Each structure stands twice: as C-alpha cells, then as structure tokens.
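1 is the number of the first residue of the sequence shown in UniProt numbering; add one for each residue after it. Beta carbons: idealized from backbone N, C-alpha and C, even for Gly. Here the structure is a predicted model, which is why all the values come from computation and not from measurement. Since the structure comes first, as structure tokens, the remarks are kept for the end.
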Amino acid sequence: MKKKKNEKELLNRGRIKTQIEQEEILRRNLEKENLLKKEQEEYDNKMYRIETMKTIIKEKCNFLYDEISNACNKYETIKYIYTQLNGNNVNFNNIFTNIINDNYNDNENEILLNNSIYFIDCIYMIYKNNEFKLFKEALKNLIEYLEELIKNIDNQQLKLINLMNKTFQKNILSKKGILFLFILIGFVLKKPDEIKPLLKNINTDINYENIYIYLEEPNITTNYDQWKLWFQHIQKCLTILCTFFRHIHKFSDVPDDEKIKFIFLYLKEKFSNEQNVSTLGT
1 MKKKKNEKEL LNRGRIKTQI EQEEILRRNL EKENLLKKEQ EEYDNKMYRI ETMKTIIKEK
61 CNFLYDEISN ACNKYETIKY IYTQLNGNNV NFNNIFTNII NDNYNDNENE ILLNNSIYFI
121 DCIYMIYKNN EFKLFKEALK NLIEYLEELI KNIDNQQLKL INLMNKTFQK NILSKKGILF
181 LFILIGFVLK KPDEIKPLLK NINTDINYEN IYIYLEEPNI TTNYDQWKLW FQHIQKCLTI
241 LCTFFRHIHK FSDVPDDEKI KFIFLYLKEK FSNEQNVSTL GT
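So this is what it looks like as structure tokens:
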C-alpha cells in the first residue's frame with residue numbers, strides 16, 4: 001500500500017515536473033516568438049520608413065526620378081515642358097523650327113535653346129504644379145541664390161549644387177519641376193567621378209551617392225563673345241524671375257487664372273526674342 005502511494009507520488013511529481021518543463025518550453029518559445037515578432041516589426045517599420053522616404057522624394061522632390069532622367073539637356077527639358085502644358089499632341093516641329101539635328105553644341109542651336117519664352121513657360125508649368133505659397137517661397141530662394149551667383153560668377157562652389165543637400169532640397173528642389181529652371185539656365189547633371197578635380201579644388205569630399213548639377217562656363221579667354229552671351233543669358237533668367245516675383249508677391253492667395261495669364265503674356269511680350277512659340281495651352 002505504501003509502495004503504491006510512493007509510486008503515485010513519484011508519478012505525480014513526474015507529471016508536475018513534466019508540466020513545469022512544458023510550461024518552461026512554452027514560455028521560452030513565446031519569448032522567442034515575441035522577440036522574432038518584435039524584430040520583424042522593427043524591420044517592417046524600417047522598410048516602411050525607407051519606402052515612405054522614397055515616396056516623398058519621388059512625389060515631392062521629383063529630382064531623383066522622372067525629372068532627373070528627363071532633364072538631361074535643354075532640348076529634352078523643353079520637350080517635357082510643352083508636353084506638360086499642351087499634352088502629348090504637341091507639335092515639336094513648330095517649337096523647334098530651327099533645330100535640324102541633335103547637334104546641341106552648335107552655336108545657333110544653343111541660342112535657340114536659350115530662348116526666353118521657354119524659360120517663361122517653364123515658370124508657368126511649375127506654377128501650375130505647385131501650391132502657391134510654397135511656390136513663391138521657392139522662387140524667392142532661387143532668386144537669392146542667382147543674385148549671389150551673378151555677384152560671384154567666378155566662385156566655382158556656387159556653380160556646383162549637390163542635389164542631395166537637404167537644405168537645397170527643402171528650400172528649392174522640393175517644388176515639382178523647379179529643377180528644369182536650372183537646366184534652362186545652363187546647369188548640367190554631373191556624377192562625382194566626372195568632376196573629381198573640381199571637388200578636390202573646392203575641398204569637397206567625393207561621395208559617389210551624390211548627384212550634382214554644374215553651371216558650365218565658356219572659356220572667357222578663348223571665346224569672350226560666347227562667354228558674354230552665356231552671362232547675359234543667366235542675367236536675363238534672373239530678371240525674368242524677379243519681374244514675375246514682383247507681380248505675384250502682392251497676392252496672398254492664389255490669383256485667378258486670368259490675372260496669371262495676363263502676367264505671363266506680359267512677360268512674353270517684354271522678354272520675347274527672335275523665336276515665336278505658342279503655349280499656355282492655347
């Protein structure tokens with residue numbers, strides 16, 4: 001009888017021990033599961049933040065994706081502007097009547113691509129695609145930058161803009177389409193390995209994740225006339241921006257379309273040059 005009682009107690013203790021061991025195993029498995037779940041949540045949150053940043057950059061800044069691929073040169077930029085303004089049915093033969101081939105280095109073609117009408121229409125496109133107050137703010141920042149650039153045209157550092165610079169992104173490039181103004185002014189896309197001597201000269205670390213735009217300058221010694229035209233073009237772009245800003249600065253809210261169209265028609269009349277281009281969707 002006593003033997004059976006002892007066996008029963010041993011059996012119960014064994015069961016209790018087994019139960020405790022099972023509970024310990026379950027506890028450890030649960031801890032492991034919670035840890036894995038936490039790690040997965042942290043990973044998911046990290047990926048979400050990354051994807052959110054990518055989306056913000058793509059939708060708000062636009063310079064790392066669609067625009068930077070389109071803004072390879074002035075010709076492609078101008079095509080993009082008129083596609084945005086007039087739709088896919090725009091007749092580029094009417095816009096580029098004097099461009100015979102893709103030789104964009106030709107002086108005659110370069111003069112055509114510097115047509116002020118394109119620059120004015122680009123401003124209109126940007127105006128149509130951005131919130132009014134933010135657009136005015138970006139325009140003001142761009143004007144201040146160009147004024148500083150013109151006063152210090154020999155400053156290589158001012159001619160080089162890192163598109164990855166957070167301040168520049170926030171103040172200027174975060175407005176959809178504004179990169180095109182830089183391309184029309186004369187800035188060209190540059191990868192770090194293309195401008196190593198320049199980066200070293202201005203004591204800037206070479207980071208291959210950066211993307212730059214650079215204002216290439218004609219050689220003033222060997223071709224002063226070309227340099228003079230280049231500088232006058234930059235000055236004219238700034239004058240157009242300043243004139244436009246003076247007209248819209250007085251508006252605290254979005255002006256009606258008729259007022260805006262009147263301003264742009266005035267700009268075209270004031271700054272028109274040899275080439276007539278019909279835009280504004282009309």
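| Check | Outcome |
| --- | --- |
| Closest by C-alpha distance to residue 141, when choosing among 44, 167, 264, 261 | 167 |
| Cutoff 7 Å; reference residue 134; Cβ partners in own chain excluding five residues on either side | 175 |
| Contacts around residue 130, its chain only, beta-carbon distance under 6 Å, and the 5 residues preceding and following it disregarded | 175, 176 |
| Segment contact flag, the region 71-85 with the region 226-241, C-beta cutoff 8 Å, min 3 pairs | no |
| Cα-Cα separation between residue 35 and residue 25, rounded to whole angstroms | 15 Å |
| 3-residue-minimum beta strand (DSSP E) runs that sit fully inside the region 110-178, ordered along the chain | 160-162 |
| Residue 214: first and last residue of the uninterrupted beta strand (DSSP E) it sits in | 212-215 |
| Beta-ladder partner(s) of residue 190, from DSSP | 212 |
| Proximity below 8 Å, CB of residue 195 to CB of residue 208 | no |
| Unbroken alpha helix (DSSP H) run spanning residue 271, endpoints | 257-271 |
| Nearest candidate by alpha-carbon position, reference residue 151, set 258, 270, 231, 30 | 231 |
| Residue span of the alpha helix (DSSP H) that contains residue 239, given as start and end | 224-249 |
| Through-space distance from residue 74 to residue 101, alpha-carbon basis | Unreliable placement is indicated for residue 101, whose pLDDT of 39 sits below 50; no coordinate value is reported for it. |
| Under 8 Å between C-beta atoms of residue 216 and residue 186 | yes |
| Assumed close pair residue 173, residue 181 - CB separation to whole angstroms, cut-off 8 Å | Not really, about 10 Å apart at Cβ, beyond 8 Å. |
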